[in-house]
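> Got a structure for you, questions after.
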Amino acid sequence: MFDSLSGRLNGVFETLTRRGALSEADVNAALRDVRIALLEADVALPVVKDFIAGVSAKAIGADVLKSVAPGQQVIKIVNDHLIEMLGGETAEIGIAAATPPAAVLMVGLQGSGKTTTTAKLGRFLRVSHKKRVLMASLDTSRPAAMEQLATLGVQAEVDVLPVIPGERAVAIARRAMKSGAQEGHDVVLLDTAGRLHVDEELMAECAAVRDAAVPAETLLVADALTGQDAVNVASAFHERIGLTGIALTRVDGDGRGGAALSMRAVTGCPIKLIGVGEKLDAIEPFHPDRIASRILGMGDVVSLVERAQETIEQDEAERLVRKAKKGGFDLNDLSKQIQQVRKMGGMEGLLGMLPGVGKVKRQLAEANVDIKMLDRQQAIIDSMTPTERSNPKLLNSSRKRRIAGGSGTTVQDINRLLKQVKQMNVMMKRAGKLGEKGLMRAGMPGIMPPR
């Protein structure tokens, strides 16, 4: 998300910081480019006007233009205004003060990802907040909608309200709240029906469910890929239903990000959650300060560390370190490392959280470095037998041809992978003699850079 906007803004700010001293004309020219970048990112025009006016009033002041590093000062002002535009502080899911079970009403258009987001939120509350959650499908119109939520509930290990054929949405909501109270659930997630358009029937049903359940949260699930239309939908739902927050889906597929930048400003409702992938664990709280840092190319190291803590298995990491010291790193270990990187969002996801990533990505592109290399390596390893993974020395010419055919790669790709593993073992064995600090300094070629 925000890739194109981040690239444009980084180019503008690089020009500012290189100049040293700045004139008012320099700042105005930079802000014109910022305005164009925001409009191209599909940010609503009124939001862009307010943003530029706020930044301009501060950036052209004497304190900025006569400072030691005026370019950095302008960047800080833009960063502060971005954070303000995105909501200022992180908005938590408001269930702490509610009497259990706290109802969370999920609303939105058809195809926005409501049911999947409901399951993701259920898992998130169970894992991160240790809440006992009950999910209920109120979608009586879409075929197999209730079965879909039931299936996702099994995968997320979250309870789902049993289906009673012919029951209407309001009755389901009342039964869900009663069941949640009787069975000791902390939260009840109500997945409402969606429509292709914001129509009166949908709004009336949502309003009736809201009145029956009295939700602690009413979250609009909106697709980031719909751009400005998502902002219009949010406004319509907010006027009729009364939203308390927004869950933005398919954030990983949107290179512009205008919807996220506009929604908070237009509706006044905070973005509380973002979906960053297809898997059920791919949902995150929305942190305005961290998102602003990512947009301006300053990275998001805090989120990177949090993601690492959630996904890295301590015992497995310690086992790998012990094995690496002995030079016994094999293709099974490499496969686990690749899967670990994937869990953390893949190479693109990790690069997006590192400071100065815009420049790094350009350098990688200029050097023709393929950041999808790990996908090919995983395909090669998956095409091997367990014995071949544990003992790469068995890989003769005929085996390599078989693996290349099975993985859609070439024998040269396989040779490069085997050479890489061999280099890893040499470096790890050498670093192992220096202790764990030496291992970290040496790095893992192709996976972890040296420190």
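In terms of our numbering, the sequence shown opens at residue 716 and continues consecutively.
Quick reminder that beta carbons are idealized off the backbone N, C-alpha and C, glycines included.
If you're wondering where the values come from, they're calculated on a predicted model, not measured in any experiment.
Given this structure, state the Cα-to-Cα distance separating K1051 from K1134, to the nearest angstrom.
Within the sequence shown, the letter at position 336 stands for residue 1051. Within the sequence shown, the letter at position 419 stands for residue 1134. In a straight line, the C-alpha of K1051 is about 18 angstroms away from that of K1134.
> Taking the straight line between their C-alpha atoms, what separation do you get for D1173 and N1111?
There is simply no residue 1173 to check, as the chain begins at 716 and stops at 1166 in what is shown.
> Measure the beta-carbon distance from M1139 to F1044 and round it to whole angstroms, keeping in mind my assumption that it falls under 8 angstroms.
Here residue 1139 refers to the residue found at position 424 of the sequence shown. Here residue 1044 refers to the residue found at position 329 of the sequence shown. M1139 to F1044, Cβ: 5 angstroms. Contact.
> Any beta-carbon of chain B closer than 7 angstroms to the one on Q943?
As a matter of chain content, chain B is missing from the structure shown, which is built from one protein chain.
> If you pair each beta-carbon of the region 830 to 839 with each one of the region 992 to 1004, do three or more pairs fall below 8 angstroms?
Yes: at least three Cβ pairs fall under 8 angstroms.
> How many angstroms separate the CA atom of T933 from the CA atom of A756?
Start at 1 with the first residue of the sequence shown, and residue 933 comes out as number 218. Start at 1 with the first residue of the sequence shown, and residue 756 comes out as number 41. Spanning the two alpha carbons is a distance of roughly 27 angstroms.
> Residues in the same chain with beta-carbon distance under 7 angstroms from M1159, minus the five sequence neighbours each way, listed in chain order, please.
The sequence position of residue 1159 within the sequence shown is 444, counting from 1. Here M1159 scores only 43 on pLDDT, less than 50, and its place in the model should not be relied on; the value that follows carries that caveat. Excluding sequence neighbours, M1159 sits near M1139.
> Assuming P816 contacts A896 (C-beta within less than 8 angstroms), just tell me the rounded distance between them.
By one-based count along the sequence shown, residue 816 stands at place 101. By one-based count along the sequence shown, residue 896 stands at place 181. Indeed they touch by this definition, with Cβ atoms about 6 angstroms apart.
> Note the first and the last residue of the continuous alpha helix (DSSP H) segment covering A938.
What you label residue 938 is simply residue 223 of the sequence shown in a count that begins at 1. One point to set straight first is that residue 938 is Asp, not Ala, in the sequence displayed. Segment 932 to 938 is the beta strand (DSSP E) holding D938; no alpha helix (DSSP H) there.
> Reducing DSSP to helix, strand and coil, say where I879 ends up.
Residue numbering aside, residue 879 sits at position 164 when the sequence shown is read from its first letter. In this structure, I879 counts as coil in the three-state DSSP scheme.
> Can you name the start and end residues of the beta strand (DSSP E) that L963 belongs to?
Translated into positions along the sequence shown, residue 963 becomes position 248. Per DSSP, L963 belongs to the beta strand (DSSP E) from 960 to 964.
> Is it the case that the Cβ atoms of A759 and V946 are separated by a distance below 7 angstroms?
Counting from 1 along the sequence shown, the entry for residue 759 is found at position 44. Counting from 1 along the sequence shown, the entry for residue 946 is found at position 231. It is a contact, given that the beta carbons lie within the stated cut-off.
> Could you check whether S827 and D906 sit closer than 7 angstroms to each other, using their CB atoms as the reference points?
Here the question's residue 906 lines up with position 191 in the sequence shown. Here the question's residue 827 lines up with position 112 in the sequence shown. Cβ atoms of D906 and S827: not closer than 7 angstroms.
> Note down, in chain order, each residue of its chain lying with its Cβ closer than 7 angstroms to the Cβ of F839, except the 5 sequence neighbours on either side.
As a position in the sequence shown, residue 839 is number 124, starting the count at 1. Within the same chain, F839 has close Cβ partners I998.
> Note down the Cα distance separating N743 from G786, rounded to an integer number of angstroms.
Reading the sequence shown from its first residue, position 28 is the one you call residue 743. Reading the sequence shown from its first residue, position 71 is the one you call residue 786. For N743 and G786, the distance between alpha carbons rounds to 12 angstroms.
> Between V936 and E799, what straight-line distance do the alpha-carbon atoms span, to the nearest angstrom?
Locating residue 936 in the sequence shown gives position 221, where the first residue counts as 1. Locating residue 799 in the sequence shown gives position 84, where the first residue counts as 1. For V936 and E799, the distance between alpha carbons rounds to 22 angstroms.
> Can you list, in chain order, the stretches of the beta strand (DSSP E) that have 3 or more residues and sit fully within the region 777 to 823?
As far as the region 777 to 823 is concerned, its whole beta strand (DSSP E) runs of at least 3 residues are 817 to 822.
> Grouping DSSP H, G and I as helix and E and B as strand, with all else coil, what is S852?
Here the question's residue 852 lines up with position 137 in the sequence shown. DSSP places S852 in strand when its eight states are reduced to three.
> Report buried or exposed for L824, applying the criterion of at least 16 other Cβ atoms within 10 angstroms of its Cβ.
Translated into the one-based positions of the sequence shown, residue 824 becomes position 109. That one is buried.
> Let me know the secondary structure DSSP gives G722 once reduced to three states.
As a working mapping, residue 722 is identified with position 7 in the sequence shown. Three-state DSSP puts G722 in a helix.
> Using C-beta distances below 6 angstroms, list every residue in its chain close to S738, excluding the 5 sequence neighbours before and after it, in chain order.
The residue given as residue 738 occupies position 23 in the sequence shown. For S738, where only same-chain residues beyond five positions count, there are no Cβ hits under 6 angstroms.
> Report the option in I810, R733, V873 whose CA atom is closest to the CA atom of R663.
This structure gives no information on residue 663, because the portion of the chain shown stretches from 716 to 1166.
> Please list, in chain order, all residues of the same chain as S852 whose beta carbon is under 6 angstroms from its beta carbon, the five residues on each side excluded.
Translated into the one-based positions of the sequence shown, residue 852 becomes position 137. Same-chain partners within the cutoff: A860, M861, L864, D906.
> Considering only the beta carbon of each residue, do P1003 and L746 sit closer than 7 angstroms?
The residue you call residue 1003 lines up with position 288 of the sequence shown. The residue you call residue 746 lines up with position 31 of the sequence shown. Not closer than 7 angstroms, so no.
> If you follow the beta strand (DSSP E) that P985 is part of, which residue opens it and which one closes it?
Taking the first residue of the sequence shown as position 1, residue 985 is located at position 270. Segment: none, P985 is in no beta strand (DSSP E) and carries neither H nor E.
> Taking 7 angstroms as the limit between beta carbons, can you name the residues of its chain near D795, skipping five residues before and five after?
Walking along the sequence shown from the start, residue 795 turns up at place 80. The answer is none, since no qualifying residue turns up.
> Could you round the C-beta distance between V793 and L1011 to whole angstroms and report it? I think they count as a contact, below 8 angstroms.
Taking the first residue of the sequence shown as 1, we reach residue 793 at position 78. Taking the first residue of the sequence shown as 1, we reach residue 1011 at position 296. That pair is a contact at about 7 angstroms.
> Taking the C-alpha atoms as reference points, what is the distance between T732 and I986?
As a working note, residue 732 is residue 17 in the sequence shown. As a working note, residue 986 is residue 271 in the sequence shown. Taking the straight line from one Cα to the other gives about 32 angstroms.
> Are there 16 or more other CB atoms within 10 angstroms of the CB of L976, so buried, or fewer, so exposed?
What you label residue 976 is simply residue 261 of the sequence shown in a count that begins at 1. L976 should be labelled buried.
> Return the CA-CA distance between S1008 and A931, expressed in angstroms with no decimal places.
Position 293 of the sequence shown, counted from the first residue, corresponds to residue 1008. Position 216 of the sequence shown, counted from the first residue, corresponds to residue 931. Cα to Cα, S1008 sits roughly 31 angstroms from A931.
> Go ahead and label E1103 buried or exposed: buried means 16 or more other beta carbons lie within 10 angstroms of its beta carbon, across all protein chains shown.
Against the sequence shown, residue 1103 aligns to sequence position 388. E1103 should be labelled buried.
> What runs of the alpha helix (DSSP H), each 4 residues or longer, lie entirely inside the region 737 to 776?
Complete alpha helix (DSSP H) runs here, min 4: 739 to 755, 760 to 774.
> By how many angstroms is the C-alpha of L1132 removed from the C-alpha of L1089?
As a working mapping, residue 1089 is identified with position 374 in the sequence shown. As a working mapping, residue 1132 is identified with position 417 in the sequence shown. Cα-Cα distance, rounded: 10 angstroms.
> Which residues does DSSP list as the beta-bridge partners of P858?
The count along the sequence shown starts at 1 and reaches residue 858 at position 143. Paired residues: none, contrary to the question.
> With distances taken Cα to Cα, identify the nearest neighbour of F766 among I961, R979, G1120, R965.
Locating residue 766 in the sequence shown gives position 51, where the first residue counts as 1. It is R979 whose Cα lies nearest to the Cα of F766.
> Does A768 pass the burial test, meaning 16 or more other C-beta atoms within 10 Å, or should it be called exposed?
Position 53 of the sequence shown, counted from the first residue, corresponds to residue 768. With fewer than 16 Cβ atoms within 10 Å of its Cβ, A768 is classed as exposed.
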